[in-house]
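Enquirer: Residue numbers (full-length UniProt numbering): 1 to 494. Even glycine gets a Cβ: it sits at the ideal position worked out from N, Cα and C.
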Amino acid sequence: MTPEPIDTSSETAEISPLLYKNLDNDALQKEASQYLAHYGTEFLPDVICGAKGLYVYTASGRKVLDWTSEIVQTINEHAAGLDHLFSGMISPPVISLAERLCSLLPDGLDKAFFLSTGGESNEAAIKMAKVFTGKFEIVGLGASWHIVPLTKRIIADALPKPSERNTTTGPIMPGMHMLPAPNAYRSIFRKPDPDDNGSYQYDWEAELDYGWALIDQASCGSLAACIVECVQSSAGMHVLPPGYLAALKRHCERRGMLLIVDEAQTGIGRSGAISAAATATQAYKMGGGDGEGGRVIPDILTFSKTLGNGLPLSAVVTRAEIDDACAATGSFTFYTTHANDPLPAAVGNKVLEVVVRDGLVANARALGEGVLLAGLRARLQRRYACVGDVRGRGLMAGVEIVKAAVGHGSDDDGNGTGKRRRWRQPPDPDVELARRIADRAYALGVWANLSSHSSFSGTLRIAPPITSTREDIERGLEILEEAFASTSGSRPLY
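In structure tokens:
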């Protein structure tokens, strides 16, 4: 079956969210099963045939909330006149994007170049760190989704059972080390009793020091860089504790390492800041910052996803000192077919223009804490015993679904208040229930997927677009609440 494109060439033609007509979802799925190879994920049951605003439209006629015309115009203009160049050529949109991006970041992050994917930009950042330091060992967080393309393996493979580990592609690249992923809800460094405000006390500093002590024992003395995310999305939206990044930077400096921060998920506004890693300077320039209370500037930042607004665009941003030293050695090369291509660069430049002009960073910050996270806590965490934790930052939220606590009686405190008991150890994740809730939410019209890292499943990941309005977020919360209410096993408290 070949879907027939809709003719949109006429200026008077009605703009339709569907790009194809005469669609048969079952037939398309059958052909997909026959011809599409798998690459690590299961395909959704609906074939997506169009998108408009915050919604995607399916071949079966459904409209799903997937938590601007200027972008389309930019694409059309550059597709017609300046879309692709040899990697050694530069063009005005590339220069303009580099200038605009660096101007939004802390002083000192003043050199950038552009690639296509987050994986490419992280690989380039790691190679740059190795060339600059003359060392080769890399440190990552245990729940990270950082891929070394040559090994097709996650830097920090933290799968708990040998049977779940990837045994078919051989060992990971030598020199890969793992720090414990900061998890305030489940860490063994979490104190068993909450404080007076009901928050769990988490000794992340002891955990971080312990992790580095283990790495020092395993290292051959060639530590080059540490790469982290400020919000570990694939692990279930775990946010680095305040002060963590500054402490990590100090650990790196003591060992002569570079600090790389991956902003694929958090950058360009979604976390409530242009860069989740930037602090004092970022707070001054754009608002936001991560509450470190001091000036923490990574040595290398990488961006992707939002920067290209759906087009393949990523960025590597670093200090001039690092760029100059790498260029002087002659050892750092990262030629790819689409390095510094003008069309995606023009789109990235327009994205940054719109984000700043329309106040989308402040919008994400205000809606995130004031509406999304507050709503998830009020509508779900306080009403359903299956919700163990709600966490996040900006328009990035995680809702962890847990099993009933074993051997401690009811989840309810017994006073008819709707309040739950406080357990010394959190209940186990309930991946099966989380999947049923996610499937129900999708059927009702909102997409909230599960954590993709198999060791940290059971968490619904919610990340609405930074262009969302309060009404959009409220509507999504209503649908999620309905999904919980209509899914057996959610254990309502009242």
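May I ask you to report which of helix, strand or coil DSSP gives Glu478?
Expert: The residue you call residue 478 lines up with position 478 of the sequence shown. In the structure shown, Glu478 sits in a helix (DSSP, three-state: H, G or I).
Enquirer: Restricting to runs no shorter than 4 residues, where is the alpha helix (DSSP H) found entirely within the stretch 309–344?
Expert: Segments of the alpha helix (DSSP H) lying fully in the stretch 309–344: 320–329.
Enquirer: Taking 8 angstroms as the cut-off, decide whether the C-beta atoms of Val347 and Ser121 are in contact.
Expert: To locate residue 347, count along the sequence shown from 1; it is residue 347. To locate residue 121, count along the sequence shown from 1; it is residue 121. Contact: no.
Enquirer: Between the C-alpha atoms of Ile155 and Glu137, what's the straight-line distance to the nearest angstrom?
Expert: Numbered from 1 along the sequence shown, position 155 holds the residue referred to as residue 155. Numbered from 1 along the sequence shown, position 137 holds the residue referred to as residue 137. Here the model assigns Ile155 a pLDDT of 42, short of 50, so the residue's position is not dependable and the matter cannot be decided.
Enquirer: Taking a contact to mean a Cβ-Cβ separation below 8 angstroms, would you say Pro298 touches Val261 in this structure?
Expert: Working through the sequence shown from its first residue, we reach residue 298 at position 298. Working through the sequence shown from its first residue, we reach residue 261 at position 261. For Pro298 and Val261, yes; Cβs fall inside 8 angstroms.
Enquirer: Using CA atoms only, rank isn't needed, just tell me which of Val355, Phe303, Ala434 is closest to Glu263.
Expert: As a position in the sequence shown, residue 263 is number 263, starting the count at 1. Out of Val355, Phe303, Ala434, Phe303 has the C-alpha closest to the C-alpha of Glu263.
Enquirer: Applying the 10 Å Cβ sphere with the 16-neighbour rule, what's the burial state of Tyr284?
Expert: For the purposes of this step, residue 284 is identified with residue 284 of the sequence shown, where counting begins at 1. Low local confidence applies: a pLDDT of 34 at Tyr284 is under 50, so the model's placement there is unreliable, and no value is given.
Enquirer: For Arg270, which option in Val131, Gly243, Gly392 has the closest C-alpha, if you only look at C-alpha atoms?
Expert: Position 270 of the sequence shown, counting from 1, holds the residue named residue 270. For Arg270, the nearest C-alpha among the options comes from Gly392.
Enquirer: If you run the structure through DSSP and keep just helix, strand and coil, what is Ser234?
Expert: Counting from one through the sequence shown, the residue named residue 234 turns up at place 234. Three-state DSSP puts Ser234 in coil, outside helix and strand.
Enquirer: For a quick check, are the C-beta atoms of Arg377 and Leu493 less than 8 angstroms apart?
Expert: For the purposes of this step, residue 377 is identified with residue 377 of the sequence shown, where counting begins at 1. For the purposes of this step, residue 493 is identified with residue 493 of the sequence shown, where counting begins at 1. Contact: no.
Enquirer: DSSP state of Gln201, grouped into three classes?
Expert: If you number the sequence shown from 1, residue 201 lands on position 201. The answer is strand: DSSP assigns Gln201 an E or B state.
Enquirer: Hey, Ala225 and Leu258: beta-carbon distance below 8 angstroms or not?
Expert: As a first step, residue 225 must be located in the sequence shown, where it is residue number 225. As a first step, residue 258 must be located in the sequence shown, where it is residue number 258. Yes, they are a contact pair.
Enquirer: Can you tell me which of Ser490, Ala27, Gly272 puts its alpha carbon nearest to the alpha carbon of Ala385?
Expert: As a working note, residue 385 is residue 385 in the sequence shown. If we check each option's Cα against that of Ala385, Ser490 comes out closest.
Enquirer: Three or more C-beta pairs closer than 8 angstroms, one from the stretch 100–115 and one from the stretch 336–354: is that the case here?
Expert: Verdict: yes, contact present.
Enquirer: Give the range of the alpha helix (DSSP H) segment to which Val261 is assigned.
Expert: Reading the sequence shown from its first residue, position 261 is the one you call residue 261. That residue, Val261, is in no alpha helix (DSSP H); its beta strand (DSSP E) goes 258–262.
Enquirer: Can you name the start and end residues of the beta strand (DSSP E) that Cys226 belongs to?
Expert: By one-based count along the sequence shown, residue 226 stands at place 226. Per DSSP, Cys226 belongs to the beta strand (DSSP E) from 223–228.
Enquirer: Enumerate in chain order the residues of its own chain whose CB-to-CB distance from Gly256 is below 8 angstroms, with the five nearest sequence positions on each side excluded.
Expert: Translated into positions along the sequence shown, residue 256 becomes position 256. Closer than 8 angstroms at Cβ, skipping near neighbours: Thr133, Lys135, Leu223.
Enquirer: Would you tell me roughly how many angstroms separate the C-alpha atoms of Gly119 and Leu23, rounded to the nearest one?
Expert: Taking the first residue of the sequence shown as position 1, residue 119 is located at position 119. Taking the first residue of the sequence shown as position 1, residue 23 is located at position 23. One C-alpha to the other measures close to 34 angstroms.
Enquirer: Can you give me the C-alpha to C-alpha distance between Lys21 and Asp323, rounded to a whole angstrom?
Expert: Reading the sequence shown from its first residue, position 21 is the one you call residue 21. Reading the sequence shown from its first residue, position 323 is the one you call residue 323. Taking the straight line joining both Cα atoms gives about 50 angstroms.
Enquirer: For a quick check, are the C-beta atoms of Leu101 and Leu352 less than 8 angstroms apart?
Expert: As a working note, residue 101 is residue 101 in the sequence shown. As a working note, residue 352 is residue 352 in the sequence shown. For Leu101 and Leu352, yes; Cβs fall inside 8 angstroms.
Enquirer: What residues are listed by DSSP as bridge partners for Asp472?
Expert: On the sequence shown, position 472 is the one that residue 472 refers to. Paired residue(s): none; Asp472 is not in a bridge.
Enquirer: May I have the straight-line CA-CA distance separating Ser275 from Gly394, to the nearest angstrom?
Expert: As a first step, residue 275 is located in the sequence shown; it is residue number 275 there, counting from the start. As a first step, residue 394 is located in the sequence shown; it is residue number 394 there, counting from the start. Those two C-alpha atoms are separated by around 12 angstroms.
Enquirer: Would you kindly work out how many angstroms separate the C-alpha atoms of Lys130 and Arg475, rounded to a whole number?
Expert: Walking along the sequence shown from the start, residue 130 turns up at place 130. Walking along the sequence shown from the start, residue 475 turns up at place 475. Taking the straight line from one Cα to the other gives about 47 angstroms.
Enquirer: Taking three-plus beta-carbon pairs below 8 angstroms as touching, is the stretch 435–455 in contact with the stretch 479–490?
Expert: In short, these stretches touch, since the Cβ pair count reaches three.
Enquirer: In or out: Cys220 buried (at least 16 other Cβ within 10 Å) or exposed?
Expert: If you number the sequence shown from 1, residue 220 lands on position 220. Result: exposed.
Enquirer: Alpha carbon to alpha carbon, how far is Leu36 from Ile479? Give it in angstroms, no decimals.
Expert: Walking along the sequence shown from the start, residue 479 turns up at place 479. Walking along the sequence shown from the start, residue 36 turns up at place 36. Approximately 32 angstroms between the Cα atoms of the pair.
Enquirer: Please go through the same chain and pick out, in chain order, the residues whose beta-carbon is closer than 6 angstroms to the beta-carbon of Val64, but skip the five residues on each side of it.
Expert: Taking the sequence shown and counting its residues from 1, the one referred to as residue 64 is at position 64. Hits under 6 angstroms: Val56, Gly445, Trp447.
Enquirer: Tell me the DSSP bridge mates of Lys63?
Expert: Residue 63 sits at position 63 when you count from the first residue of the sequence shown. Answer by DSSP bridge pairing, in chain order: Tyr57.
Enquirer: Tell me which residues share the same chain as Ser410 and place their Cβ nearer than 6 angstroms to its Cβ, disregarding the 5 neighbours each side in the sequence.
Expert: Translated into the one-based positions of the sequence shown, residue 410 becomes position 410. Only weak support is given to the placement of Ser410: the predicted model assigns it a pLDDT of 44, under 50, and the value that follows is read from those uncertain coordinates. Closer than 6 angstroms at Cβ, skipping near neighbours: no residue.
Enquirer: Out of Gly61, Glu123, Asp358, point me to the one whose CA is closest to Met173's CA.
Expert: If you number the sequence shown from 1, residue 173 lands on position 173. It is Glu123 whose Cα lies nearest to the Cα of Met173.
Enquirer: Among residues of its own chain, excluding the 5 on either side of Cys252, which ones have a beta-carbon nearer than 7 angstroms to its beta-carbon?
Expert: Here residue 252 refers to the residue found at position 252 when the sequence shown is read from its first residue. Result list for Cys252: Cys226, Leu258, Leu259, in chain order.
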